[in-house]
Amino acid sequence: MSAVARRVRNASRVLRKTPGFTISVVLALAVGGGLGVPVLGIIAASLRRTSPYTDPLLREQGEAAEWLPRSTVSQQSLSAIQDEALQSLLGVLLALTVFLLGITLINILALLLAQATVRRPEIALRAVLGAVRRRLMGYLLVEGLLLVLLAGGLGLLIGTGALSLLTGSWPGGEPPWGSDAVDWRVLVAAVGVFVLVPLLAWTSPVRVVWRHDLRRFLTTGRGSTAGQGEAFVRNVLAVMQMAASVALLASAGLLLRGFVFSPEADRDIGFDPRNTFTAQIRLPEARGLSSRERHLLYEGVRDRISMLPGVLDTSVASVGGWVGLGTSDLVHALTGNPAAPGSVKPARYHAVSPGFFRMLRVPVLHGREFGSTDTVGAPRVVVVNKAFVNRFYLVDNGIRRNVQLHGISVDGPWYTIVGVVEDIRAEGLGSGTEPVPKVYLSALQHPPSSVGLAVRTTGDPMRLFPAVEEAVHFLAPEAKLSGAVTMEQYLARFRAPLRWFAVLLGVLAGVALLLATSGLHSVMSYNVTRRTREIGIRMAVGARAKDITRMVLGQSLRITIMGVMLGLFGALPLARLLQLLLRG
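In this text, residue positions in the sequence shown follow my numbering: the first is 1184, and each later residue adds one.
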């Protein structure tokens, strides 16, 4: 036991002699591993879960889809669309986290190998004086383990805090990883790598010294070809770290500007959310009502709310209709173009009441919106958005063109397009980077069992919510109103997961840049140490201190400038790729 304690004391004494090196390695291991490993763990736990992601504002989406018959092949539910978008986000985060861990390991390797190179003469001298290889390896292993334990303790504190922060900051209730905070298999693998790699690097001097002539490491000359080759490799690694970190940081900055700090993104959504609140109406008995009874009930609710003082307009829609999310399926459209008479492509469905577009201030570009006559038994009609017309190449702006829902199935119902409206461009999970083709059906013809209610008022919309709730319960005592928020809050909550991911990417990019800067510092420190004899000779023959400083700073500036230029060159395409993956 005394021998072990003596080795630990000797190892701690060696590490205390180089405080800058020790602090750099401990911080790099603790920060990189402490942040990267928990993120990697929650990603693995999220991807392992089989239950689909459910937005708290869209909890009833599975039931809300029952108002329209399902296709047997091509139909994709709203929750599946959001789950697919979440998988893309987790894939992006996984790649960037692995990237961060890679930068951490490269940085640690650069630090350890630089220090190990400096210690080769010491190891060679010990070998000449009779120290056996096993004893030298034991000394270095104790030093390496002490480094890893110090970093592991600090990293555990950082990781615990990071995990709590990630879980607590997830918008909208339970995070995708649920109660399985970290996948233990990922944790064991990551810890194994972060222990094994530093130990292998730290014990490298013994292996190198034992493979070469000991006199080579006892001479004073340090400018050998091998040393220059090692320095070149470290310089290249420093440039790569700096370039990758700058590209990631610049891309994250563009994403933060687009998703978090951009007022234009909130304004350019295709409708006016001001002075409006929304809530979900759940009718437990709706499954026992006929379509006509349901649509009469919704019309009665709308009429009664419209008579309240301070109410400008009101509308109901299938869940997700306000932000353009809905069940996706194939649509067969007769384009009217002789060259391409028919076109089959996916589109999203929504059921909306008359006055829906007027209430949201969505411009009707051509034709009309739904009226009170578009009820059960009347000719089937739909309204489509501009993206639908463009994607399906419809002539005459699509007006009076026929579309068949559920692809080209024999029994698929046919509808006539009576209106074309502007695209709704709210950004959130599953919303897509570009406007998605949408088909709006009349809620009077296809009344859902669960709808979203929107009310536009003259002042603060939430002040009227008690009166609206009373009006709903007057006609439907069993109805349940939930999720009452202003439309602006609704949009913010819908967009919150994207902002959460964008902020997290920014944090990871900032940490990567700090690690790359630390790696650059280690490379320059090593280069200065390797050239100590050369610097001494230069000063002996008349070189001034500022000349030496200019030489050292010039080399570091060249590495930095090369890394920054390469990083900025790759920032725009990387930002575009991240934007595509984030928005789905």
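From the three backbone atoms N, C-alpha and C, an ideal C-beta is built for every residue, glycine too. Just so we're clear, the structure is a prediction, and the values are computed from it rather than from any experiment.
Residues bridged to residue i [DSSP beta-bridge criterion]
i, result
"Y1623", "H1533, V1566"
"S1501", "V1634"
"A1516", "S1526, V1586"
"K1663", "R1465"
"H1656", "Bridge partners of H1656: none, in fact."
"H1549", "V1603"
"W1353", "DSSP lists no partner for W1353."
"T1669", "F1460"
"D1496", "R1639"
"Y1598", "V1586"
"S1474", "According to DSSP, which records beta bridges pairwise, S1474 is partnered with nothing at all."
Buried versus exposed call for residue i [16 or more other C-beta atoms within 10 Å across all chains shown]
i, result
"D1772", "Because the chain here runs from 1184 to 1767, residue 1772 falls outside it and cannot be looked at."
"F1193", "Here the sequence assigns Asn to residue 1193, which means Phe is not the residue at that position. Looking at its Cβ environment, which holds fewer than 16 other Cβ atoms inside 10 Å, N1193 is exposed."
"F1752", "exposed"
"A1723", "exposed"
"E1552", "buried"
"F1575", "buried"
"A1430", "buried"
"D1606", "buried"
"P1358", "buried"
"I1488", "buried"
"F1657", "exposed"
"R1199", "exposed"
"V1416", "exposed"
"T1233", "Low confidence applies to T1233: its pLDDT is 46, below 50, so where it sits in the model is not reliable enough to give any reading."
"E1617", "exposed"
"L1346", "buried"
"P1562", "exposed"
"L1156", "Nothing can be reported for residue 1156, as the shown portion of the chain is limited to 1184 through 1767."
"A1188", "exposed"
"G1737", "exposed"
"P1649", "exposed"
C-alpha gap between residue i and residue j, whole angstroms
i, j, result
"P1596", "V1603", "20 Å"
"G1203", "M1425", "21 Å"
"R1646", "V1634", "21 Å"
"L1129", "G1216", "Residue 1129 falls outside the range modelled here, since the chain spans only 1184 to 1767, and no answer is possible."
"E1652", "L1517", "43 Å"
"L1349", "I1720", "54 Å"
"L1279", "N1290", "16 Å"
"V1567", "R1682", "29 Å"
"L1627", "Y1598", "14 Å"
"G1659", "R1608", "Inspection of the sequence shows that residue 1659 is occupied by Ala rather than by Gly. Taking the straight line joining both Cα atoms gives about 33 Å."
"Y1481", "V1499", "8 Å"
"V1559", "S1474", "7 Å"
"L1218", "L1324", "26 Å"
"M1734", "I1742", "13 Å"
"R1639", "L1543", "8 Å"
"L1277", "G1550", "47 Å"
"L1329", "G1436", "38 Å"
"D1730", "R1714", "14 Å"
"V1371", "F1539", "54 Å"
"S1257", "T1343", "Low confidence applies to S1257: its pLDDT is 45, below 50, so where it sits in the model is not reliable, and the reading given next is rough at best. Taking the straight line from one Cα to the other gives about 43 Å."
"P1630", "L1760", "40 Å"
"V1578", "I1600", "12 Å"
Of the residues the options, the one placed nearest residue i, counting alpha carbons only
i, options, result
"L1664", "K1200, L1348, L1636", "L1636"
"A1692", "S1501, R1676, G1750", "G1750"
"A1662", "A1427, L1283, V1711, L1466", "L1466"
"Q1587", "K1569, K1528, R1541", "K1528"
"V1419", "A1754, Y1532, M1707, A1695", "M1707"
"L1772", "G1274, G1504, V1208, V1422", "Residue 1772 lies beyond the range of the chain shown here (1184 to 1767); nothing can be said about it."
"T1201", "T1287, G1321, L1294, R1531", "L1294"
"P1354", "I1718, F1684, R1733, R1714", "F1684"
"L1332", "V1374, G1219, A1299", "V1374"
"A1699", "W1360, S1207, R1678", "S1207"
"S1501", "G1493, T1461, L1491", "T1461"
"L1757", "L1230, V1622, S1428", "S1428"
"V1281", "R1563, E1671, A1561, I1226", "I1226"
"V1545", "S1701, L1379, P1456", "P1456"
"G1300", "L1736, I1718, E1717, S1705", "Strictly speaking, residue 1300 in this sequence is Thr, with Gly absent from that position. Among L1736, I1718, E1717, S1705, the Cα nearest to that of T1300 belongs to S1705."
"V1619", "G1285, V1506, T1287, G1737", "V1506"
"S1352", "P1649, V1686, L1491", "V1686"
"P1381", "A1334, R1563, V1422, T1459", "A1334"
"L1495", "P1631, E1671, T1641", "T1641"
"I1452", "G1321, A1675, A1534", "A1675"
"L1230", "R1196, V1214, S1271", "S1271"
Residue i CB to nearest heavy atom of the ligand NAD below 6 Å
i, result
"M1425", "Because no ligand of any kind appears in the structure shown, any question about the ligand NAD cannot be addressed here."
Cutoff 7 Å: residue i Cβ touching any chain D Cβ
i, result
"R1190", "Looking for chain D here will not work: only one protein chain is present."
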